[in-house]
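Undergrad: Numbering of the sequence shown is given in the numbering used here, commencing with residue 7 and proceeding in unit increments.
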Amino acid sequence: MKFKVLIAAIILGLALPVAAQFHTVSKAHEVRLSDLRLPQSDGGTVAYKPCDTCPYETKRVSSNAQWLLDGKSMSLDKFKRSLMSITDRRNTAVTVLHHLESDRVTRVSVHPVSQASD
Numbered sequence: 007m008k009f010k011v012l013i014a015a016i017i018l019g020l021a022l023p024v025a026a027q028f029h030t031v032s033k034a035h036e037v038r039l040s041d042l043r044l045p046q047s048d049g050g051t052v053a054y055k056p057c058d059t060c061p062y063e064t065k066r067v068s069s070n071a072q073w074l075l076d077g078k079s080m081s082l083d084k085f086k087r088s089l090m091s092i093t094d095r096r097n098t099a100v101t102v103l104h105h106l107e108s109d110r111v112t113r114v115s116v117h118p119v120s121q122a123s124d
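(1) Go ahead and label Tyr54 buried or exposed: buried means 16 or more other beta carbons lie within 10 angstroms of its beta carbon, across all protein chains shown.
(2) What does DSSP give as the partner residues of Lys33 in its beta bridges?
(3) Going straight from the alpha carbon of Leu103 to that of Arg96, what length do you get?
(4) What three-state label does DSSP hand Ser40 in the structure shown?
(5) Just tell me which of Arg66, Pro118 and Ile17 has its CA closest to the CA of Phe85.
(6) Where do the ends of the alpha helix (DSSP H) carrying Lys84 lie?
(7) Please classify Leu42 as buried or exposed, where buried requires at least 16 other C-beta atoms within 10 Å of its C-beta.
(8) Spatial neighbours of Leu75 within its chain, please: C-beta separation below 7 Å, excluding the five flanking residues on both sides.
(9) Using the beta-carbon count (16 or more within 10 Å), is Ser123 buried or exposed?
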């Protein structure tokens with residue numbers, strides 16, 4: 007009987023670290039491409055509107071920020087050139103990943119709306 011209690015105590019003790027307090031490291035903002043202002047150069051600032059009635063929020067960009075278009079990573083210059091071809095800017099989703107501790111944007115991902123073939 008003591009052996010079963012000992013095993014249960016050990017298992018319970020191993021489970022305690024799992025119950026540790028979690029904290030948010032990054033916050034993702036889903037915005038429209040039409041509500042996004044990209045930096046002029048690496049290390050600049052990104053401005054975006056988190057909602058239609060919200061004012062623009064401006065955040066500094068991390069020096070190693072990722073610029074993703076349809077899951078493909080690219081340089082900021084190529085990213086900006088590629089976005090020029092997107093015509094439906096109000097319905098194109100953009101995810102801006104804001105690292106809270108450093109207060110920097112670490113990733114901007116654009117997910118173009120697929121054009122249905124007629």
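Every residue gets a Cβ at the ideal spot worked out from N, C-alpha and C, and that includes glycine. All values derive from a computational prediction rather than experimental measurement.
TA: In brief:
(1) Counted from its first residue, the sequence shown places residue 54 at position 48. Its Cβ being crowded by 16 or more others within 10 Å, Tyr54 is buried.
(2) The residue given as residue 33 occupies position 27 in the sequence shown. Answer is His104.
(3) Locating residue 103 in the sequence shown gives position 97, where the first residue counts as 1. Locating residue 96 in the sequence shown gives position 90, where the first residue counts as 1. Roughly 19 Å separates the two Cα atoms.
(4) Here residue 40 is taken as the residue at index 34 of the sequence shown, counted from 1. In this structure, Ser40 counts as helix in the three-state DSSP scheme.
(5) Stepping through the sequence shown from its first residue, residue 85 is reached at position 79. Looking at the Cα atoms, Pro118 is the closest of the given residues.
(6) On the sequence shown, position 78 is the one that residue 84 refers to. Leu82 to Leu89 is the extent of the alpha helix (DSSP H) around Lys84.
(7) Residue mapping note: residue 42 aligns to position 36 of the sequence shown, counting from 1. Leu42 is buried by the Cβ-count criterion.
(8) What you label residue 75 is simply residue 69 of the sequence shown in a count that begins at 1. The residues are Phe85, Ser88 and Val116.
(9) Taking the sequence shown and counting its residues from 1, one reaches residue 123 at position 117. Since pLDDT at Ser123 reaches only 43, below the 50 mark, its modelled position is unreliable, and no value is offered.
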